[in-house]
Ligand code: 4AD
Ligand code: MG
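Here is the structure:
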């Protein structure tokens, strides 16, 4: 059976054509002379309207056609009498696949808070907002693969279960089949992981980078795109315990090449959304404008969504070193007026309030911050030559900071010198035996190389203008929450 999606019917169905529409009823409106049924099948933000006159179908059928019910309506395409749509379906047959009890169906046609919708994540894809977000999410996932494929990168599948902590932050979920009520012990009384499934401790990955580097040092340009897990107990609008990360890794790229790629990639993705998701973006923009009316002036975003996306698409990102950024922050008004919650000074890890000041208030555009202090970055980053430009040792790190988001990308050039890398591994307390394979690539054909990680949900947050990362992934996992 061929079924034409509503998106296509609205665009190109011919008058007089017989069509069948299958989808979920958004609204039913009954007047003296006509019954109007708005149907959506998720192929577009728009609904198609089916029309019939009272009495044509049995009361029993019409009664079941309520908001949330799943229906198949066959009929003739006619020019719409009402405004708002070009065509509508004059119904000749109505079949109800699944009714939805109007006293119980939670998605009645009215405004629902995003918090409420999170509690009904099994139904929220049926709302305009979430279906728009999910379609954009799909388009951008496709665009990620397209960009890399078009640019000579290979998609490398890195493991989800690993034995190493790539970021060294100890924020890992353990993977085990041991009986937690009866743990095997060694003679010294420690848990005996030799008896565990993998014969050693194992976790869910926090990043595919270490394996990604192995791929790059053979295929030259690779990327990973997969689920990533972090047991950080940060209940913020920017953190998930399970998120998707895109990690390209390139042999022969130095820090500047890495920055160029990150900027080009982000602009491509934003441009792809502008070109392919305009109906959904327009819907989300108008939703945001409504929402912002309720906010105090100071908290409103300075640009409507589409303008913001075009701005990022068309303007160069600002490139500054961490040391320069600290200078700017130290001279800033909020620092002088003690408005920042966290301290500022060379050596501190920048907090999101600092990142957002730089991006939203100072530069007013995306910023790539580079050459961070070595002590606050991961062990694998390439160490800079000592220079008088910074008060302490730095590494060839880069973070891309976006308006409204803060850090969207984290990356670096990698330490390719075996001795320096090994020294750093010892310094930060990693057992070299755990990553002997990673270290060995620096002994066999080492090469300068670089890469970065883009948080996919942070990208979707930016493109959709949504305010909470829980609302841009179908089924969010956060501390104390893994329903659905
Ligand atoms: O800066 P991060 O920790 O970098 C890495 O994991 C590197 N191994 C990447 C690389 O060089 N290949 O994470 C990268 C990005 C962040 O900039 C952020 O966008 C996202 O991943 N991210 C999160 N997104 C949602 N929830 C979380 N808990 C996230 N933690 C990081
Ligand atoms: Mg980071």
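In this note's numbering, the protein residues as written are 193 to 676. Each residue gets a CB set at the ideal place from its N, CA and C atoms; glycine is no exception.
Residues near residue i in its chain [Cβ-Cβ closer than 7 Å; skip 5 each side]
i: residue 373; result: none
i: residue 497; result: 473, 476, 477, 480, 657
i: residue 462; result: 501, 504, 505, 655
i: residue 369; result: 388, 389
i: residue 653; result: 597, 661, 664
i: residue 536; result: 518, 521, 522, 527, 546
i: residue 315; result: 298, 299
i: residue 256; result: 288, 291
i: residue 507; result: 557
i: residue 404; result: 348, 350, 414, 416, 439, 441, 643
i: residue 512; result: 559, 561
i: residue 622; result: 360, 571
i: residue 253; result: 286, 288
Anticipated Cβ contact below 8 Å, residue i with residue j, distance rounded
i: residue 550; j: residue 590; result: Wrong, their Cβ atoms sit about 14 Å apart, outside the cutoff.
i: residue 395; j: residue 367; result: 6 Å
i: residue 659; j: residue 429; result: 6 Å
i: residue 271; j: residue 207; result: 6 Å
i: residue 641; j: residue 331; result: Actually they do not touch by this definition, with Cβ atoms about 30 Å apart.
i: residue 218; j: residue 258; result: That pair is no contact at about 11 Å.
i: residue 552; j: residue 595; result: 5 Å
i: residue 592; j: residue 454; result: 6 Å
i: residue 605; j: residue 447; result: 4 Å
i: residue 457; j: residue 385; result: So it is not a contact: roughly 39 Å between Cβ atoms.
i: residue 433; j: residue 670; result: 6 Å
i: residue 667; j: residue 435; result: Contact doesn't hold; Cβ gap of about 12 Å is too wide.
Strand pairing of residue i, partner residues [DSSP]
i: residue 627; result: Bridge partners of residue 627: none, in fact.
i: residue 646; result: 438, 601
i: residue 347; result: 415
i: residue 561; result: 512, 591
i: residue 214; result: 264
i: residue 420; result: 435
i: residue 220; result: 229
i: residue 353; result: 396
i: residue 641; result: 443
i: residue 328; result: The partner list for residue 328 (beta bridge, DSSP) is empty, contrary to what the question assumes.
i: residue 568; result: In DSSP, residue 568 forms no bridge with anything.
i: residue 673; result: 670
i: residue 383; result: 377
i: residue 606; result: 573
i: residue 366; result: 395
i: residue 429; result: Looking at the DSSP assignment, residue 429 forms no beta bridge with any residue, so it has no partner.
i: residue 586; result: 565
Cβ shell of residue i (< 8 Å), same chain only, five flanking positions each side left out
i: residue 399; result: 358, 359, 420, 437, 439, 645
i: residue 202; result: 236, 238, 240, 277, 278, 279
i: residue 337; result: 347, 417
i: residue 226; result: 243, 244, 245, 246
i: residue 584; result: 538, 539, 565, 566, 567
i: residue 515; result: 538, 563, 581, 582, 583, 586
i: residue 631; result: 610, 613, 614, 617, 624
i: residue 628; result: none
i: residue 197; result: 233, 235, 236
6 Å Cβ shell around residue i - same chain, five flanking residues per side excluded
i: residue 555; result: 510
i: residue 686; result: This structure does not reach residue 686, given that the chain is present from 193 up to 676, and the question cannot be answered.
i: residue 215; result: 231, 232, 233
i: residue 221; result: 228
i: residue 327; result: 472
i: residue 650; result: 597, 600
i: residue 325; result: 656, 664
i: residue 543; result: 534
i: residue 397; result: 352, 354
Touch test, the segment 251-267 against the segment 228-239, Cβ-Cβ under 8 Å, three pairs minimum:
By the Cβ rule, the segment 251-267 counts as touching the segment 228-239, because three or more pairs are nearer than 8 Å.
Fully enclosed by the segment 484-544, which alpha helix (DSSP H) runs are 4 residues long or longer?
Those alpha helix (DSSP H) runs which fall completely within the segment 484-544 and span 4+ residues are 497-506, 514-522, 525-528.
The segment 415-433 touching the segment 566-583, judged by at least three CB pairs closer than 8 Å:
At 8 Å Cβ cutoff, the stretches do not touch.
Identify every run of the alpha helix (DSSP H) within the segment 235-296, keeping only runs that are complete inside it and at least 4 residues long; order them along the chain.
If we require 4 residues or more, the alpha helix (DSSP H) runs fully inside the segment 235-296 come out as 251-256.
Between the segment 615-622 and the segment 565-575, do three or more beta carbon pairs fall short of 8 Å?
Yes: the two stretches touch, three or more of their Cβ pairs being nearer than 8 Å.
Under a criterion of Cβ closer than 7 Å to any non-hydrogen atom of ligand 3, which residues qualify, in chain order?
As far as ligands go, the structure on display features ligand 1 and ligand 2 and does not contain ligand 3.
Does the structure place the segment 252-263 close enough to the segment 288-298 that three or more beta carbon pairs sit under 8 Å?
Here the segment 288-298 makes contact with the segment 252-263; the two share three or more CB pairs at distances below 8 Å.
Could you tell me which whole alpha helix (DSSP H) segments of length 4 or greater appear in the segment 294-325?
306-311, all fully within the segment 294-325.
Is it a yes or a no for the segment 402-409 touching the segment 629-644, going by three-plus beta-carbon pairs under 8 Å?
Touching, per the Cβ criterion.
Please specify which runs of the beta strand (DSSP E), each continuous and at least 3 residues long, are wholly inside the segment 460-487, giving them in chain order.
Segments of the beta strand (DSSP E) lying fully in the segment 460-487: there are none.
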